[in-house]
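Undergrad: In this note's numbering, the protein residues as written are -5 to 637. Glycine included, every Cβ here is placed at the ideal spot set by N, Cα and C. This one's a predicted model, so the numbers in the text were calculated from it and none came from an experiment.
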Amino acid sequence: MPERFYVTTPIYYVNAEPHIGHAYTTIVADVLNRFHKLLGDKTYFLTGTDEHGDKIVQAAQAADMEPKAYADRISQLFRDLWPKLNISNDHFIRTTDAEHVRVVQCILEQVHARGDIYFSTYKGLYCIGCERFYTERELIDGKCPDHDKKPVEREEANYFFRMSKYQQWLIEHIESHPEFIRPERYRNEVLSFLRENLEDLCISRPKERLSWGITLPFDDRYVTYVWFDALINYVTALGYPDGEAFHEFWPVAQHTIAKDILKPHGIYWPTMLRSAGLQPFRHLNVHGYWKINEGKMSKSRGSVIAPLDLVPVYGLDAFRYFILREMVFGLDANFSEDALIQRLNADLANDLGNLFSRSLAMTAKYFDGKVPAFGIDSEELDLAIKRQTEETVRQYQEEIPKLGFHKALMSIWECINNANKYIDYVGPWTLAKDEAQRPRLQTVIRNLLEVNKTVAVLIAPFMPETAEKMLARLGIAKTALELRLEKDGRWGTLQDGAAVSKGEALFPRVDTTVANQLKAKAMAEKANQEKQKESGTKLISFEDFKKIDLRTGIVRHAEPVPNSKKLLKLLVDIGEERQVVAGIAQTHTPEELIGKQVIIVANLQPAKLMGIESRGMVLAVGDGTDLRLLTTEQPVTPGRRVS
Ligand code: MSP
-5 MPERFYVTTP IYYVNAEPHI GHAYTTIVAD VLNRFHKLLG DKTYFLTGTD EHGDKIVQAA
55 QAADMEPKAY ADRISQLFRD LWPKLNISND HFIRTTDAEH VRVVQCILEQ VHARGDIYFS
115 TYKGLYCIGC ERFYTERELI DGKCPDHDKK PVEREEANYF FRMSKYQQWL IEHIESHPEF
175 IRPERYRNEV LSFLRENLED LCISRPKERL SWGITLPFDD RYVTYVWFDA LINYVTALGY
235 PDGEAFHEFW PVAQHTIAKD ILKPHGIYWP TMLRSAGLQP FRHLNVHGYW KINEGKMSKS
295 RGSVIAPLDL VPVYGLDAFR YFILREMVFG LDANFSEDAL IQRLNADLAN DLGNLFSRSL
355 AMTAKYFDGK VPAFGIDSEE LDLAIKRQTE ETVRQYQEEI PKLGFHKALM SIWECINNAN
415 KYIDYVGPWT LAKDEAQRPR LQTVIRNLLE VNKTVAVLIA PFMPETAEKM LARLGIAKTA
475 LELRLEKDGR WGTLQDGAAV SKGEALFPRV DTTVANQLKA KAMAEKANQE KQKESGTKLI
535 SFEDFKKIDL RTGIVRHAEP VPNSKKLLKL LVDIGEERQV VAGIAQTHTP EELIGKQVII
595 VANLQPAKLM GIESRGMVLA VGDGTDLRLL TTEQPVTPGR RVS
């Protein structure tokens, strides 16, 4: 019976395009998933997007789009990116999926029925960026530590989840399951947080303030707080409550996140599960931040190329290798392009690339490109190389489940370096000169090919393309996902006499000049794509334009709006009388407007400005104190259509 394995990434907010941070977590989950497939386990790998809440509404507004259309666009960017990074996810979930909405409501009902939800008023400090209330203690200099902004005061009648009821249970669970939150520093962080009294969690938002969310099943004046909604994705995707996958995979669930979202995952989620009568997940894997030039990551500026843009420049596998090798899981790491180039040249082009090309070249030269059978009983050096390789396989299997990705890679590279040294010590070219040494030469070359094959199998979760390329040249036609460690990673399993082929270098060396040329090309391509995308989104069809009902009008009446410096209330004749509120008080007096010919958008949805209904919009250029009204060249009858 194969073991089960279930891994998730956070579902990413659709308020920003994907960057290296998202890529790292998703590649880590991918490596774990591929590793478990290599072990022959039955696996499930989930990623997706988090689409409700204030943040998304704000981002959509800034882009002048409806939240759903905006979410569709950004979610698609994530969905399109993952195959380019060779991510092997089984499902991509969106919190706007109808199935997810149903499951969130079902869990809310369960928690409510258990008496764990109550109605109350709360006043506190709220960070819009994090979409949550903060306690004074959590702030640094009165500011949100993640956004470096002062939270705003907010008071609201809302629904609360009795999180405090499960505090003691959670402490005991963490203490009795040392691997529940890992590495240990984050387990300690959560435990130290739990030393203080846990407050209940506000899980609703009144619709008048935020309507972009999942309606509470027991009060339709409210939507669900985005975290209560989002966390549930991890069970929705498995078909909770009745799905077979849920019963199969939930007991082995592991979530992979960065430290920014430790509290919702380490505290809200296990208590929510407990209240809903579900068992806790098995592991929460928490990593640190990627920084750029030792600073916090932000969008790439000007000519600085963003880390993800380096993928086409240096190749996907070099990128995947670098981020997994460079970051110690749990600690912060610095992203530097120089370090990437250095690793690419030293570890990939030199160590791995040389071992592979030397081994294949000697097979071609001495054995006509065919895998030689093992020769005579081996000498100590020959036995040592086998022992060391098997030890690497053992360490690798021990390290990856403990999230020691860099250690697993270090161990593989030790094996590579040993094999390179083995070539130098033994000097197969000397053996080749003496026919009597032929059996030993066979053993040496066969050993080298076996090391290369084992290395290819072990790197498959990290660098699937390279693994496949190496194996194909060793005469093994398998995809990375078809490999099984027990069989394919075992010493001696190459086919005697199988044809090997030399081919090009696995990783060409990169120098600064080449890198700069490649980058210039990649940046030009990107700029071009963006230009095309922009013009594509800015163009509208004539049909769309015709949907805007523009009319000529004459202002019949104008008066200031009380308590507003900017607004005037106008009555405009457009064949019928229209009340329009316009932000033109800083440039126009009511008197000078009477009788003026204007153009108005007549089919705009009505809106209230300072409590006064406005049914249309006056067209103008500029704003504030620099504003001109649009008018016609000659007087025109009111109500004529503008086209
Ligand atoms: N939508 C929530 C998660 C809900 S999960 C039920 C969210 N989204 S997010 O888009 O902000 O993604 C946060 C995650 O992105 C981090 O936990 C981490 O996985 C990844 N990273 C974003 N920036 C990062 C770095 N600078 N470094 C490493 N990973 C980071 O929070």
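1. Under three-state DSSP, which class holds Trp206?
2. Once DSSP output is grouped into helix, strand and coil, what is the label at Thr424?
3. Nearest CA to the CA of Lys513: which residue from Ile379, Val305, Glu183 and Glu11?
4. I want to check one thing, is the minimum distance from the CB of Ala252 to the heavy atoms of ligand 1 below 7 Å?
5. Note down, in chain order, each residue of its chain lying with its Cβ closer than 6 Å to the Cβ of Gly296, except the 5 sequence neighbours on either side.
6. Look at Ile208 and Leu188 and say whether their C-beta atoms are less than 8 Å apart.
7. Arg572 by DSSP, collapsed to three states: which one?
8. Using the DSSP secondary-structure output, state which residues sit across from Phe(-1) in a beta bridge.
9. Threshold first: 3 residues or longer. Then list the beta strand (DSSP E) segments lying entirely within the region 308 to 350, N to C.
10. Considering only heavy atoms of ligand 1, does any lie closer than 7 Å to the CB of Asp19?
11. By Cβ distance, which residues of its chain are closer than 6 Å to Ala474, with the 5 residues on each side in sequence left out?
12. Based on DSSP bridge pairs, tell me the residues matched to Thr546.
13. Could you tell me which of Gly486, Pro422, Pro433 and Leu435 sits nearest to Glu444, measuring between CA atoms?
14. Within the continuous beta strand (DSSP E) that includes Ser198, where are the two ends?
15. Return the Cβ separation of Ile406 and Val449 in integer angstroms, given the expectation that the two are a contact with Cβ distance under 8 Å.
16. Express the C-alpha separation of Glu373 and Lys257 in angstroms, rounding to a whole number.
17. By DSSP, does Lys472 sit in helix, in strand, or in coil?
18. Alpha carbons only, please: which of Phe212, Leu185, Asn152 and Asp326 is nearest the one belonging to His167?
19. Pair every Cβ in the region 56 to 76 with every Cβ in the region 216 to 224, then say whether three or more of these pairs are closer than 8 Å.
20. Taking the alpha-carbon of Ile14 as reference, which of Leu75, Thr43 and Leu40 has the nearest alpha-carbon?
21. Where does Leu465 sit, in a helix, a strand or coil, going by DSSP?
22. Any heavy atom of ligand 1 closer than 7 Å to the CB of Gly15?
23. For a test of your reading of the model: does the CB of Ile317 fall under 7 Å from any non-hydrogen atom of ligand 1? Yes or no.
24. Look at the alpha carbon of Arg381 and the alpha carbon of Val387, and state the distance between them as a whole number of angstroms.
25. If you draw a straight line from the C-alpha of Leu488 to the C-alpha of Leu397, how long is it?
26. Just checking Leu232 against ligand 1 - is the residue's beta carbon closer than 7 Å to any of the ligand's heavy atoms?
27. I need the straight-line Cα distance from Gln436 to Ala367, nearest angstrom please.
TA: Reading off the structure:
1. coil
2. helix
3. Val305
4. yes
5. With a pLDDT of 38 at Gly296, under the threshold of 50, the predicted position of this residue should be treated as unreliable, and no value is reported.
6. no
7. strand
8. Thr37
9. 327 to 329
10. Looking at the sequence provided, one finds Thr at residue 19 rather than Asp. Correct: Thr19 has its Cβ closer than 7 Å to ligand 1.
11. Ala454, Pro458, Ala461 and Glu462
12. Ile593
13. Gly486
14. Ser198 to Pro200
15. 6 Å
16. 57 Å
17. coil
18. Leu185
19. no
20. Leu75
21. helix
22. yes
23. no
24. 10 Å
25. 30 Å
26. no
27. 7 Å
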